[in-house]
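Engineer: Here it is, the structure, as structure tokens.
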Amino acid sequence: TNQYYITRQDSTESNARSYPRKFPFAIAKAKGSWVEDVEGNKYLDFLCGAGTLALGHNDDEVNQAMVEMLTNNLPLHTLDLTTPVKDTFVETLLGALPYGMGKDCKVQFCSPSGTDATDAAIKLCKTATGRSSVISFAGGYHGMGQGPLACMGNLHAKTAVNGLMPDVHSFPYPYTYRDPFGLGGEDGVKAACNFFERTLKDPESGITKPACVILEAIQGEGGVIPAPVEFLQCVRRVTKELDIPLILDEIQCGMGRSGKMFAFEYADIIPDVVLISKAIGGSQPMAVVVYNKELDKWSPGAHAGTFRGNQLAMKAGTIVLNRVSKQDFLADVIRKGNLIRTKLNELKEKTSIIGDVRGKGLMVGTEFVDPHGEPDCIDSLPASGEIAEKVQKYCFENGLIVEKGGRNGSVMRCLCALNITDQDLEKAWKIFESAVLTVNKEYN
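Letter by letter, the sequence shown follows residues 54 to 497 of this note's numbering.
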């Protein structure tokens with residue numbers, strides 16, 4: 054039974070485990086957008102490894118390619134030695150970059166976690182510039198290592214850990230519903246732009262010229278918050294003027310999730326460094342840093358990692374890159390995302406517990422609020438993790454796996470497979486809609 058495995062997990066695994074506390078089951082099978090537990094219960098998976106499974110579970114083409122590798126004595130572990138499989142992957146990856154970026158870029162393979170990509174990128178920029186400070190943003194999430202953790206917005210994750218990477222400065226990130234400047238709308242975006250530019254150009258700011266600026270074009274764990282085009286363009290312009298490398302973390306919002314191959318494309322900007330992990334490995338672990346050749350100042354061995362040569366991930370990742378980068382595929386991601394947001398906004402009008410609906414493509418956030426709470430200075434109601442948790446529990450009990458994020462865990466996030474069928478999307482919607490309407494009754 055599920056309880057048998059959950060009890061065993063509880064007795065042997067770290068107290069840091071998180072997902073089993075929300076989804077108390079043991080997965081036995083998985084295919085496409087569906088998973089099945091050991092008791093035969095089936096669930097629609099709208100978490101998909103936190104956005105890792107762009108093509109869902111056990112995609113036929115991806116699996117077949119990996120089986121062929123396994124049955125033909127191809128190397129599976131090569132450190133950073135090259136192979137025909139790796140050469141094809143690198144060529145495909147560089148070719149998938151927008152604006153012809155690939156011709157000016159190099160690739161660093163890291164240990165197979167997005168956290169390591171962040172660490173590697175910061176080391177790269179510090180080495181190339183000779184500078185030490187880093188600028189990140191409130192609400193940002195870049196991994197759980199002590200360097201990436203220092204750049205994280207979430208205080209719960211970092212407060213208990215002493216001695217994080219020093220000299221990291223957190224700047225305001227535009228968030229229309231909870232504007233850090235208490236302005237909202239275009240005024241809030243302009244304030245964020247002005248603050249960023251004026252602070253970096255102010256000789257009395259107290260912040261030494263940074264080695265890099267790191268941010269997500271769409272914050273994921275921070276609550277599915279797309280950066281306004283104006284803000285991204287401002288950050289790129291100012292960092293370019295001041296010769297500060299700009300790192301775009303596309304680990305969750307990249308690889309087609311936003312409806313563009315990379316979410317920064319919405320702003321028509323070219324960053325100096327791009328972090329890619331999660332979906333790029335086609336279900337297998339891999340993380341890469343793609344960066345402008347001018348930053349390639351580190352010496353041999355300056356960054357390493359035993360498992361940076363995961364050949365299965367490169368083979369699978371080549372397939373994902375080729376499939377996801379097609380314009381008709383991306384157009385369908387946008388269509389399905391717009392469909393979900395339209396339905397969510399209609400549901401928002403019928404209920405009192407949804408404060409905001411946002412996102413791009415199939416990266417969708419629904420922020421739940423306490424309808425009886427005190428509105429803030431821009432009339433936004435308090436975020437309610439309690440309500441979001443009730444909605445999440447109802448969804449799970451009725452066959453839908455969805456995960457929370459954002460302030461106080463109040464934002465329900467859609468991270469479904471990008472190739473989910475319309476039928477499965479509709480089934481998931483029915484469960485989610487029922488959950489929201491049911492919980493809404495408790496508060497009205």
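Beta carbons: idealized from backbone N, C-alpha and C, even for Gly. Every value quoted in this text rests on a predicted model; they were computed, and no experiment measured them.
(1) Hey, ILE407 and GLY237: beta-carbon distance below 7 Å or not?
(2) Verify whether the separation of the beta carbon atoms of ALA320 and VAL282 is less than 7 Å.
(3) Using CA atoms only, rank isn't needed, just tell me which of SER405, GLY452, ALA470 is closest to LEU490.
(4) How about PHE162 and VAL341: are their beta carbons less than 7 Å apart?
(5) DSSP on THR131, reduced to helix/strand/coil?
(6) For the 8 Å Cβ check, are there 3 or more pairs between the region 330-347 and the region 157-175?
(7) Any idea what DSSP makes of ASP349, helix, strand or coil?
(8) Look at the alpha carbon of SER67 and the alpha carbon of LYS254, and state the distance between them as a whole number of angstroms.
(9) Which residue's Cα is closest to the Cα of ALA357: ALA107, ASN398, LYS262, LEU134?
(10) When you compare the CB positions of TYR96 and ILE484, do they come within less than 7 Å of one another, or not?
(11) List the whole-angstrom C-beta distance separating GLY500 from GLY192, where the pair is believed to meet the contact cut-off of C-beta under 8 Å.
(12) What first and last residue would you give for the alpha helix (DSSP H) that runs through GLU269?
(13) Taking Cβ to Cβ, would you say GLU89 is nearer than 7 Å to ASN55?
(14) Confirm, please, whether the CB-CB distance from LEU295 to LEU177 is below 7 Å.
(15) So, helix, strand or coil for ASN363, using DSSP?
(16) Check whether the region 309-323 and the region 383-392 are in contact - that is, three or more C-beta pairs closer than 8 Å.
(17) Going along the chain, which residues of its own chain have a beta-carbon closer than 6 Å to the beta-carbon of GLY412, five neighbours each way excluded?
(18) Hey, how far is the Cα of SER463 from the Cα of ALA149?
(19) In terms of alpha-carbon separation, which member of LYS262, CYS158, MET416, ASN472 lies closest to ASP325?
(20) Does the Cβ-Cβ distance between VAL444 and VAL492 come in under 7 Å?
(21) Per DSSP, HIS222 is paired with what?
(22) With H, G and I counted as helix, E and B as strand and the rest as coil, what does DSSP make of HIS110?
Structural biologist: According to the structure shown:
(1) no
(2) yes
(3) SER405
(4) yes
(5) coil
(6) yes
(7) coil
(8) 45 Å
(9) LEU134
(10) no
(11) Since the first residue shown for the chain is 54 and the last is 497, residue 500 is missing from the structure and cannot be characterised.
(12) Where GLU269 is concerned, there is no enclosing alpha helix (DSSP H), given that its DSSP letter is neither H nor E.
(13) no
(14) no
(15) strand
(16) yes
(17) VAL277, GLY418
(18) 34 Å
(19) CYS158
(20) yes
(21) ILE188
(22) strand
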